[in-house]
Structure formats: structure tokens, C-alpha cells
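Chemist: This is the structure, below, for whatever I ask next.
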Amino acid sequence: MKKKIFYATLLAATFLFIACKEEVLAPEITGMDTGTAEYALYIGEKVTLAPNITNLHGSNHYLWLIDNKEVATGNLDYTFTATKPGTFIITFRAENKGGMNEKHFKVFVDEPIRIAFAQEKVEVPRCEVIEISPVITGPQRDDYQYEWAIGDSILGNKPTLEFISAKPGTYTLTLKAKADRQTETSSCAVEVKEADYKVFPNKVFDYRPTAWGSGSFWYYPFGSGEAFIYSENEMVSKISEHLSEQATFPASRIGAWGGYWIWKFDHTVLNIKNKYDLQLTIDVAPGSVLDFFVAYDKNKNGIPDEDEWYEIKTTDIDLPHIKNYELTLTYKGYDKRILTFAWEDNQGNGGTETKRDGVFPGYRVVNKVGTKVAEWAETFTLKGRMFKVIPFGITSTKQYTLNINDAITAEGEPISLPGIDFLKVQNISMTYNKETLKPTGGSRQEVKSIVDLHLLN
478 MKKKIFYATL
488 LAATFLFIAC
498 KEEVLAPEIT
508 GMDTGTAEYA
518 LYIGEKVTLA
528 PNITNLHGSN
538 HYLWLIDNKE
548 VATGNLDYTF
558 TATKPGTFII
568 TFRAENKGGM
578 NEKHFKVFVD
588 EPIRIAFAQE
598 KVEVPRCEVI
608 EISPVITGPQ
618 RDDYQYEWAI
628 GDSILGNKPT
638 LEFISAKPGT
648 YTLTLKAKAD
658 RQTETSSCAV
668 EVKEADYKVF
678 PNKVFDYRPT
688 AWGSGSFWYY
698 PFGSGEAFIY
708 SENEMVSKIS
718 EHLSEQATFP
728 ASRIGAWGGY
738 WIWKFDHTVL
748 NIKNKYDLQL
758 TIDVAPGSVL
768 DFFVAYDKNK
778 NGIPDEDEWY
788 EIKTTDIDLP
798 HIKNYELTLT
808 YKGYDKRILT
818 FAWEDNQGNG
828 GTETKRDGVF
838 PGYRVVNKVG
848 TKVAEWAETF
858 TLKGRMFKVI
868 PFGITSTKQY
878 TLNINDAITA
888 EGEPISLPGI
898 DFLKVQNISM
908 TYNKETLKPT
918 GGSRQEVKSI
928 VDLHLLN
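Here it is in C-alpha cells:
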């Protein structure tokens, strides 16, 4: 009986021991989102992965893998350093006798920003624009920011830079490119060489006389002084040739409303922030208004293309005027020193005018008879702003200082130019008879000097 009781007790104790023995379970990874956690890094950045582990009883084994290749063992955390672009799958594996669990992390390392200049050093004459266009590579983003600088002076905020300097020397240009948390900086050198230029324009690109006014409205520094003895192209060529030979700027008369000159410089006039760039001395009638236009020869084709012209905004621009005025003039005849021509504008006005000793562009007066010169048209149209002026007082000399930073588009928006190669000055004053209030053309203006202020020092 005692023996049976002993065995029964032993069996019960055995069952109790087995029941009380702790079950070994596989490690559980907690503390992070379910699924695959994702991270985005750039070269040089780090991320520390540290999941939480439960069921620590028993002998756990920890393993870290990148793209199924073992990189660390025995650690509950791992620090990943981005050294090259790509997508990397990092696996944390925890294992014991009860089983195994693992957690995956996806790390995307984006392309680095890189700036490559074609040359470490380039040369350019002074007062000539050079475009610096480095190759910039990096992640496909739309939030790039750029900054060009020389020391602490900011030059631009676009990926390319149009650089120009009036002073010879070596300049170190630094470009900083930034996108999200990435920033890359690189530099190149520009050696600006000495070069000789005239301080005033050396070429006439175009000249447009008009009909209103007497022959004294025109000034021809060549030939016999007789008006329009050349074709239109020959006339401009002759004036330009004369200008290129001068040591000082010769006076150039602008006629009545719509008349203009277009000059070309032998260099690019710099646009320097917060400084005046050009100075003109002009004889003007009281109340007269002039319009100034500038063009930068961006495509280097030697001509001012239509889309390269910009108006210089002056205080006169806010005065009452007709913005898009057009005036068409037609030659009718010349008899006994009397010129007759017709005029018509786009405002519904028109009429016939007679002028004693008048001059119509393209008609040469010989023995009091007007003879048409080849290539000139008997009808032409002028366009521009039109300010109504009732003349009073006498002509005076006035200085105009122009800042290229004041250039605006046809819509009145500011435009940033590195400099200008062409200058246009146009008479936009239409004089009116103070008694009849009828248009009488305009008063004569005379440009006496044009100076690039940056070449004076």
C-alpha cells in the first residue's frame, strides 16, 4: 500500500514539475510600425534602427543584414550610414529555441548634388558677357535653390550666370546649389582681360527721321549737307562710318514725334545694381518727353532682335498719354518750297499738312523740286507712346542718367539684364497748337553726348 502511495506521489510531482516549467517562445519585435519601415537619406546622413524585443527569456541571437548580407551580430540596434545612392533592405533577425522573428527596413539614399564646370578657369575681355553654365546633377526635385556669389556679394539665383566686369582681374565665382537637406558648393575662376573701348556708341544701327518740322530738324554730318542724297541703308551706313571715326560724340538731331536713333556700343554697358549706367546730354524743348529703350544682344547675332528691346521706366511714364500710338505719313508733293504730306493716326484723326522748306524722308530737293531717292517709301508708319505738349519757352540742355535696372517689359514688368549693347532714343512729344489744339508735329531734340559711366574711372 505504501509503495502505491509513493509512486502516485512521484507521478504527481513529475506532472507538477512539467506543468510549472516556463514555455520558451520566439522573440517578438515591437515598438515600430507593422510592415516595412521606410527611410529617405542623403549621402553622409545616418539613421539608427533600434526595435524593441519581448520574450527575452532564453538565449536570444540577434543578426543584422543589408540586402541579405550579414553586417552585425549580437546588437539590439544598428546605425546605417549612407555612403552611396540606392535602395537598401535592412533586416533585423531575432532567434531562440522558440523560433525566429524579423523586421525589415527600407532605406532610400538619393543621388548627391554635383556641380561640374567645363573649365576651372576662363578668360574674357572686360565689358563682355560670358555665360557660366555648369552641369548640375542630383535628385529629381522641383525645389532647387541656387546662389552665385563673389565673396559676400550675391550675383544671381539661377543655375547659369551671365558674368561681366568693367575692371580687369581674376574673380572667383562660387555656386551653391541646395535641394531639401542637401547643399553642394563649387567654384570657378574668371580672368577679365584689359580691352579698349569708346565711352560713347561707335555705330548707328538705325535712324528714322519724320516729316513734321522744317529741314533744320535734321542733321547730316556727311556729304554736301543736302538732305537725303543717299538711299536709306546708305544713309545709315554713312552716318555710322562718320561716328566710328570721331573722338567725341557728334550731335545727333531727333525730329518731330516718332523720330528716333538707334546706336550700338563697341562693348556691353554693364548693369550695376544701385548705380546709374548711362548719361545723355540732350537739348530739349520745354515740356518735351523722350523715350529710352535698351537691348542686350543675348544671342550675339549683332542686331537688336524685336524680343530683346526693353523700355527704361522714367517718371514721365506715369503722365497722361496714349500708349500704342501710330502715325502714318504719306508724301503728296513739293512745289515752290512747299512740302505737302498727309497724316493719319490710329485714333481716327488725320489731315493734310503743308510746310515751307519742309523735308520728307527719302525725297531729295533739287531746284525746288522733290525727287524720290531709291529704296525710300513714300508712306511710312511710326509707333510709340504719345504725349500731348503745348510748346512754351525756349530750348534748354538737360542731362538724363539711365539705370538699366529700370528696364521693363511691354507689360510693365521689371526685367533683369546683365548689360546692354543697343540704345534707342525716341521723341514721343506731339506738339499741339495752343489756339486750335491741332497737332503740329513736335519740337526738335538734339542728343549732344552719350557716356558709359562705368568707363570714366
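Counting in the working numbering, the sequence shown runs from 478 upward without gaps. All residues carry an ideal CB built from backbone N, CA and C; glycine is no exception. Keep in mind it's a predicted model, so treat the numbers as computed, not measured.
In its own chain, which residues sit with a C-beta less than 6 Å from the C-beta of H744, not counting the 5 before and 5 after it?
Modeler: Excluding residues within five positions, the ones whose Cβ falls inside 6 Å are C604, Y674.
Chemist: Whose C-beta lies closer than 7 Å to the C-beta of A593 among residues of the same chain, with five residues either side of it excluded?
Modeler: Once the five neighbours on either side are set aside, the close Cβ partners of A593 are P611, V612.
Chemist: Measuring only the C-alpha atoms, how far is D774 from D898?
Modeler: Approximately 6 Å between the Cα atoms of the pair.
Chemist: On the three-state DSSP scale, how would you describe T792?
Modeler: Looking at T792 - three-state DSSP - the assignment turns out to be helix.
Chemist: Closest to G918 by CA distance: which of G732, Q622, F742 is it?
Modeler: Nearest of G732, Q622, F742 to G918, Cα basis: G732.
Chemist: Classify E709: buried if its beta carbon has 16 or more other beta carbons within 10 angstroms, exposed otherwise.
Modeler: Buried: at least 16 other Cβ atoms inside 10 Å.
Chemist: Does DSSP classify V935 as helix, strand or coil?
Modeler: Nothing in the structure corresponds to residue 935, since the chain is present only between 478 and 934.
Chemist: Over the uninterrupted beta strand (DSSP E) stretch that includes Q659, give me the two end residues.
Modeler: Residues 659 to 670.
Chemist: Could you tell me which residues DSSP puts in a beta bridge with A851?
Modeler: The partner list for A851 (beta bridge, DSSP) is empty, contrary to what the question assumes.
Chemist: With DSSP as the reference, identify every bridge partner of T647, one or two as the case may be.
Modeler: DSSP output for T647 lists E668 as bridge partner(s).
Chemist: Which of the three DSSP states is assigned to E522 in this structure?
Modeler: Correct three-state label for E522: coil.
Chemist: Looking at the structure shown, is D683 part of a helix, part of a strand, or coil, going by DSSP?
Modeler: DSSP places D683 in strand when its eight states are reduced to three.
Chemist: Cβ of W734 within 9 Å of Cβ of P916?
Modeler: Contact flag set, yes.
Chemist: Let me know the secondary structure DSSP gives D883 once reduced to three states.
Modeler: The answer is helix: DSSP assigns D883 an H, G or I state.
Chemist: From what residue to what residue does the beta strand (DSSP E) around V924 run?
Modeler: Unbroken beta strand (DSSP E) run through V924: 922 to 929.
Chemist: DSSP has E579 in a bridge; who is on the other side?
Modeler: DSSP lists R570 as partners of E579.
Chemist: Distance, Cα to Cα, G702 vs S717?
Modeler: Its pLDDT being 48, under 50, G702 is placed unreliably in this model, and the coordinates cannot settle the point.
Chemist: Out of curiosity, what's the CA-to-CA distance linking I520 and D587?
Modeler: If you take the alpha carbons of I520 and D587, they lie about 7 Å apart.
Chemist: Between which residues of its own chain and P781 is the CB-CB distance below 6 Å, once the five residues before and five after are set aside?
Modeler: Correct list, in chain order: A772, F899.
Chemist: Take E600 and list the residues in its own chain whose beta-carbon comes closer than 7 Å to its own, dropping the five residues that flank it on each side.
Modeler: Here the set comprises E668, K670.
Chemist: Run through DSSP, which three-state label would L900 get?
Modeler: Strand at L900.
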